[in-house]
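So the structure is just underneath, and the comments pick up after that.
Number of protein chains: 4
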Amino acid sequence: MSRVRARPEEWSVLMRASRTAATTRGSKTVSRVERKREERVARILDATADELGSKGLSRFSLEDVAERLDVTKGSLYHYFPSREELVMAGIETLARRIMVELNAAVEGSEESATVRLRRLLTRQLDVVVWDYPASIELFTLRDPADVEGKVKAVRAGHDALFRGLVDEGLASGEFHLTSTAASLECMYSSINMSPLWIERDNPTRARQQIQELIDTLLMLVGVVPA
Amino acid sequence: MSRVRARPEEWSVLMRASRTAATTRGSKTVSRVERKREERVARILDATADELGSKGLSRFSLEDVAERLDVTKGSLYHYFPSREELVMAGIETLARRIMVELNAAVEGSEESATVRLRRLLTRQLDVVVWDYPASIELFTLRDPADVEGKVKAVRAGHDALFRGLVDEGLASGEFHLTSTAASLECMYSSINMSPLWIERDNPTRARQQIQELIDTLLMLVGVVPA
Amino acid sequence: MSRVRARPEEWSVLMRASRTAATTRGSKTVSRVERKREERVARILDATADELGSKGLSRFSLEDVAERLDVTKGSLYHYFPSREELVMAGIETLARRIMVELNAAVEGSEESATVRLRRLLTRQLDVVVWDYPASIELFTLRDPADVEGKVKAVRAGHDALFRGLVDEGLASGEFHLTSTAASLECMYSSINMSPLWIERDNPTRARQQIQELIDTLLMLVGVVPA
Amino acid sequence: MSRVRARPEEWSVLMRASRTAATTRGSKTVSRVERKREERVARILDATADELGSKGLSRFSLEDVAERLDVTKGSLYHYFPSREELVMAGIETLARRIMVELNAAVEGSEESATVRLRRLLTRQLDVVVWDYPASIELFTLRDPADVEGKVKAVRAGHDALFRGLVDEGLASGEFHLTSTAASLECMYSSINMSPLWIERDNPTRARQQIQELIDTLLMLVGVVPA
DNA sequence: TATGAATGAGAGTTCATTCAT
DNA sequence: GATGAATGAACTCTCATTCAT
Chain R
1 MSRVRARPEE
11 WSVLMRASRT
21 AATTRGSKTV
31 SRVERKREER
41 VARILDATAD
51 ELGSKGLSRF
61 SLEDVAERLD
71 VTKGSLYHYF
81 PSREELVMAG
91 IETLARRIMV
101 ELNAAVEGSE
111 ESATVRLRRL
121 LTRQLDVVVW
131 DYPASIELFT
141 LRDPADVEGK
151 VKAVRAGHDA
161 LFRGLVDEGL
171 ASGEFHLTST
181 AASLECMYSS
191 INMSPLWIER
201 DNPTRARQQI
211 QELIDTLLML
221 VGVVPA
Chain P
1 MSRVRARPEE
11 WSVLMRASRT
21 AATTRGSKTV
31 SRVERKREER
41 VARILDATAD
51 ELGSKGLSRF
61 SLEDVAERLD
71 VTKGSLYHYF
81 PSREELVMAG
91 IETLARRIMV
101 ELNAAVEGSE
111 ESATVRLRRL
121 LTRQLDVVVW
131 DYPASIELFT
141 LRDPADVEGK
151 VKAVRAGHDA
161 LFRGLVDEGL
171 ASGEFHLTST
181 AASLECMYSS
191 INMSPLWIER
201 DNPTRARQQI
211 QELIDTLLML
221 VGVVPA
Chain X
1 MSRVRARPEE
11 WSVLMRASRT
21 AATTRGSKTV
31 SRVERKREER
41 VARILDATAD
51 ELGSKGLSRF
61 SLEDVAERLD
71 VTKGSLYHYF
81 PSREELVMAG
91 IETLARRIMV
101 ELNAAVEGSE
111 ESATVRLRRL
121 LTRQLDVVVW
131 DYPASIELFT
141 LRDPADVEGK
151 VKAVRAGHDA
161 LFRGLVDEGL
171 ASGEFHLTST
181 AASLECMYSS
191 INMSPLWIER
201 DNPTRARQQI
211 QELIDTLLML
221 VGVVPA
Chain U
1 MSRVRARPEE
11 WSVLMRASRT
21 AATTRGSKTV
31 SRVERKREER
41 VARILDATAD
51 ELGSKGLSRF
61 SLEDVAERLD
71 VTKGSLYHYF
81 PSREELVMAG
91 IETLARRIMV
101 ELNAAVEGSE
111 ESATVRLRRL
121 LTRQLDVVVW
131 DYPASIELFT
141 LRDPADVEGK
151 VKAVRAGHDA
161 LFRGLVDEGL
171 ASGEFHLTST
181 AASLECMYSS
191 INMSPLWIER
201 DNPTRARQQI
211 QELIDTLLML
221 VGVVPA
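As you go down the protein sequences, you meet chains R, P, X and U in turn. Everything in the first sequence is counted per the UniProt record's numbering, starting at 1 for the first residue and increasing by one. Everything in the second sequence is counted per the UniProt record's numbering, starting at 1 for the first residue and increasing by one. Everything in the third sequence is counted per the UniProt record's numbering, starting at 1 for the first residue and increasing by one. Everything in the fourth sequence is counted per the UniProt record's numbering, starting at 1 for the first residue and increasing by one.
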């Protein structure tokens, strides 16, 4: 029913299931029904994010998501009005997953910017290399204007985290660079494309490559390896 | 500097094909027929490379190539057994075009590795940003095993050029780094993804961003901006 | 003029249903429940008739009706076993609305048949052109045998009204024609299709066209314009 | 191949097969190939027109046309870029068929406008009642803007024929009316909707009804039956 | 060789209908 | 009774691929 279908803007809210549940604690039946719905939306988004992260956008299809969930394609249209909306929400989910990881890596820390940036990079590379090797495509494909907009928004949130740390390092004199923007973009590019050359088949080798990559990325903010 | 120029063995079959054609110009009927065929193949590859470079792989279609050449789709199957083979050869052509540009940027020079690397980066960024903004997609897509193999080969040829220069700089003491491989991969990633954030619509701004990017990329080999 | 007003027997089952409800108002629980049900049915039919009249049958969807009523599609199936049944009842409702208007246009009048026919045409054209421009589609679509049957029934009721007036005019010598049936069918056709050529966007022009149309329609019963 | 696919504007030309063949007599292979193509287009349009004429627009589907021709749906896309274009061309075909009939009914005649109009009406009713009882829907459904445009164009051609005759009758003093436009629209409406009430199942009765209808339609131009 | 025709698999989308709760 | 979920069939459209000529 379109009457009750969450509008796109609400999707991110829906994902914060705990909070939503808390605020609707008053009514019973509604919250139960809604919780059910949210669960299903969450399952769909999980499947979507997995598909996007592993196959990339160009090979993403409703059919695959439906099959993975063992429902018909039509069912997806109960929750998302079009493939594009689903993709956008899926990207957001994927991004949120990553952001949760990254926030955990830097929060509540009293250490130097260098140490924290190193930890942030480590965490992000772990996620990208091992969990979402195809996520690069999400930032890479252009076409659908709305998707591009969503990606931009996601990037902005992600960027804030890194930029904050880099600014800190600059303020404290730990970092030196020509252009913060350029250094950050190089970092992002290198991180996102790393699954293409890091040898995941050989975990030992891969871990070493990741270590070297981290050291190299730190050079982008003027931190020279010991 | 032939020392750092990509070596012929790393180039493509087709590249060797044309050289072969040149050297066998003596023989009569066969060579004429073959030359005709090669010309057609070359035309197809040109069109394919253009399409790939500007649209990327995901939006690439046989239909568009055929239309651009004013032939039928069916005709393409006389020269390439499948879309995938055509794509692979097209990627190779695109890469070779770029390599020609890059070779020109470093050859016959007696200057320092830093100066030449800067020139190399400048040239590559010009090509990528202005001519082939979608080329990133070619290095990004995964699945078809053969395409991946071909991309790897192309990257190898490209890599030789950069690696030669970096090795020179290391030998001369101009460069400092943790891992040559990591530094190079970061460079490639940053170059390929740059069209996604450099503001091409605003050429003045874009040129400035490219300059900052080059300075930043040099930090990956331990060259600190003045 | 009750003489020319459509007779109750020609009206619909549902019409009879409501009259039944009125007469059984004595009985308790059952009638209350039933009244509730009838109210809901009436609401559904109202919405359906609106949709049919404005969009026509081909663009009619259960979804739209449900949304308009702020209920689910499923709910509609409590009252109508299928889309087709709903449509049939909706057509009937629409027709009855129109009949109410038309009856009002001719009732309690002592004027000549010509004057009353003119008033009848005026009223009908007002309704069709301004309120239900898509109603033509309802009389036009064929296939589903049941719908066709229902449409026939509706047409019969409508026909009685016009035929009565025409018969009067013939009896009084005001009208002259070859075939009452043919003249009437031409009138109905011309009325129903008029929204397709009358320029509703330009109300002044439309009003003039309607006037000319009425004069022309009167020629079908041998009344020549002054 | 889109390169050779006839653009919409050319379709009507393609249908005048004889003329086209005559003008391309110079080249052989081309004309043979093109003739083949035209034949196929003609077959598709025939099937389309039949479907449209018998089922109406709302129940028209590519699938049915393809099945009738025993080809796949995809094949239709070789000749028409979309359903809408096919429909438009089909409507045109249908209209042209009718126009051929109608032109034959009035051409080269020295008789009075009344006689010729009667013959024109007779012919048109024959076509509409017996051959294309569903054609009404084509003039009735609204939505797709382009289709509406095409229908308008078709109507214009058709209108010219009738209007010419009516103007003649007015000039000669045979006809009298209030508004030519209104009289004509009433005629068209009555003709198009006649299949809905004329009893085709009973041919004898139907023929009589048609005769009465013709007499009645002539009243719209002030011709009173004897 | 090259062409145009044709195919068939698959994509996204819509919608009447069914059903467990 | 009413809801929301789910379905399945139908539809338009795309595109790589095959094939007779």
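Ideal placement from N, C-alpha and C gives every residue a C-beta, glycine not left out.
Residues near residue i by beta carbon distance below 7 Å, same chain, minus five either side
i, result
"Asp131 of chain X", "Gly53"
"Asp159 of chain U", "Leu184"
"Ile191 of chain X", "Gln124, Leu125, Val128"
Sub-8 Å separation of residue i and residue j beta-carbons
i, j, result
"Leu102 of chain U", "Ile210 of chain U", "no"
"Leu94 of chain R", "Leu165 of chain R", "no"
"Ile214 of chain U", "Thr114 of chain U", "no"
"Val129 of chain P", "Arg205 of chain P", "no"
"Ala49 of chain X", "Gly90 of chain X", "yes"
"Leu220 of chain X", "Met219 of chain U", "yes"
"Lys73 of chain U", "Ala66 of chain U", "yes"
"Ser58 of chain P", "Ser189 of chain R", "no"
"Leu217 of chain X", "Cys186 of chain U", "yes"
"Tyr79 of chain U", "Val106 of chain U", "no"
"residue 228 of chain U", "Pro225 of chain X", "Here chain U has residues from 1 to 226 only, and residue 228 of chain U is not among them."
"Ala134 of chain X", "Glu212 of chain U", "no"
Three-state secondary structure (DSSP) of residue i
i, result
"Ala66 of chain X", "helix"
"Leu217 of chain R", "helix"
"Asp201 of chain R", "coil"
"Glu132 of chain X", "A quick correction: the sequence has Tyr, not Glu, at residue 132 of chain X. Tyr132 of chain X: coil per DSSP, three-state reduction."
"Glu174 of chain R", "coil"
"Ala226 of chain U", "coil"
"Thr72 of chain U", "coil"
"Thr23 of chain R", "Reliability fails at Thr23 of chain R, whose pLDDT of 42 lies under 50, so the model's placement of it is uncertain and the value that follows must be treated cautiously. Residue state, collapsed to three classes: helix."
"Leu102 of chain U", "helix"
"Tyr77 of chain X", "helix"
"Arg35 of chain X", "helix"
"Leu57 of chain R", "coil"
"Gly108 of chain P", "coil"
"Ser82 of chain X", "coil"
"Ser179 of chain U", "coil"
beta-carbon residue i near the ligand GTP non-hydrogen atom, thresh 7 Å
i, result
"Thr216 of chain U", "For the ligand GTP, the structure offers nothing, since it holds no ligand at all."
Cβ neighbours of residue i in the same chain (closer than 8 Å, five flanking residues each side left out)
i, result
"Arg43 of chain U", "Leu69"
"Ala47 of chain U", "Val65, Arg68, Leu69"
"Asp167 of chain R", "Thr180"
Residues of its chain near residue i, where Cβ-Cβ distance is below 6 Å and the 5 sequence neighbours each way are ignored
i, result
"Val223 of chain R", "Thr114"
| task | With 8 Å as the C-beta to C-beta threshold (strictly closer), list the residues of the region 204-220 of chain P near chain R in chain order. | result | Gln209, Glu212, Leu213, Asp215, Thr216, Leu217, Met219, Leu220
| query | Name the residues in the UniProt domain "HTH tetR-type" (38-98) of chain U whose C-beta lies less than 9 Å from a C-beta of chain X; which are they? | reply | Under the 9 Å Cβ criterion, the UniProt domain "HTH tetR-type" (38-98) of chain U contributes Lys55, Gly56, Leu57, Ser58, Arg59.
| query | Closer than 9 Å, Cβ to any Cβ of chain U: which residues of the region 173-185 of chain X, in chain order? | reply | His176, Leu177, Thr178, Ser179, Ala181, Ala182, Ser183, Glu185
| query | Is the region 171-178 of chain R touching the region 187-200 of chain R in the sense that three or more CB pairs, one from each, lie closer than 8 Å? | reply | no
| request: Decide yes or no for the touch test of the region 44-62 of chain X against the region 73-92 of chain X: beta carbon pairs closer than 8 Å, at least 3 of them. | output: Yes: at least three Cβ pairs fall under 8 Å.
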